[in-house]
Amino acid sequence: MMMQVQNMIVINQKIDLIWKVLAQDFAHVHRWASPVKHSYALSDAQAPFEGRVCQFTQKENGLAAIEKITHMAPQAFEISFSVEPVNAPIVFPLKNNSVAIKLTDLGKQKTQVDWCCDINLKPAAKLFSPLLRMGMKASFNALLKELKDYSEQQVENVQVEQALLIK
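Taken in order, the sequence shown gives residues 193 to 359; the numbers are from my numbering.
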């Protein structure tokens, strides 16, 4: 069974910086997404590259995900990737999912982030799909809020660095 979850947030930041955080620094999602304890690139190539591995626990064989870039259009500010769980417990409800992210420049240093996730549920999870949808929506909203906080903080960091250079 497929389930789609859509989320949107407006970030007070230039589109280029949001693109850098989401796409160019794709391998380093752990810098802003608290559920990800560690992340690293699947290859040594610069973005666009194959993808990343996200580790969700400190355990050696803990829950992780392999996320492979399936589409990247820098001029359109679009990126999509597939997500395959690794070392998931048998009761884990997701088989896999795909994520599509689109950035829209709203002007005045504001960027809209549209996040669409197509989730492939295991058969047993179908019974709980309404609850899973609510939970996934809340999880992705929290993730986007972390992206917003991190991205908006980047402006403050640059301003502080510039102020220190001027003195």
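Glycine residues also receive a C-beta, built at the ideal position from the N, C-alpha and C atoms.
The structure presented is a predicted model; accordingly, all values stated were derived computationally and were not measured.
{"query": "Mark LYS340 as exposed unless 16 or more other C-beta atoms lie within 10 angstroms of its C-beta, in which case mark it buried.", "result": "buried"}
{"query": "Assess contact between the region 200 to 218 and the region 254 to 270, defined as three or more Cβ pairs (one per stretch) separated by less than 8 Å. Is contact present?", "result": "yes"}
{"query": "Whole-angstrom Cβ separation of LYS206 and THR303, contact assumed at under 8 Å?", "result": "7 Å"}
{"query": "In terms of alpha-carbon separation, which member of LEU336, MET264, MET193, SER231 lies closest to GLN250?", "result": "SER231"}
{"query": "List the endpoints of the continuous beta strand (DSSP E) containing LEU298.", "result": "286 to 299"}
{"query": "Is the CB-CB distance between ALA256 and VAL278 below 8 Å?", "result": "yes"}
{"query": "Kindly indicate which three-state DSSP category LYS337 falls into: helix, strand or coil?", "result": "helix"}
{"query": "Given a cut-off of 8 Å, decide if ASN253 and ASN288 are closer than it, judged by their beta-carbon atoms.", "result": "no"}
{"query": "Between the Cα of ALA219 and those of GLN346, SER235, MET200, LEU324, spot the shortest distance and give me the residue it belongs to.", "result": "SER235"}
{"query": "Where do the N-terminal and C-terminal ends of the alpha helix (DSSP H) with TRP307 fall, by residue?", "result": "Per DSSP, TRP307 belongs to no alpha helix (DSSP H); it is in the beta strand (DSSP E), 302 to 313."}
{"query": "DSSP three-state call for ILE207: helix, strand or coil?", "result": "helix"}
{"query": "Return yes when the Cβ of GLU276 is within less than 8 Å of the Cβ of ILE261, no when it is not.", "result": "no"}
{"query": "If you follow the beta strand (DSSP E) that PHE273 is part of, which residue opens it and which one closes it?", "result": "270 to 278"}
{"query": "Does DSSP classify MET260 as helix, strand or coil?", "result": "Met is not the amino acid found at residue 260; the sequence shown has Lys there. Note: LYS260 maps to strand in three-state DSSP."}
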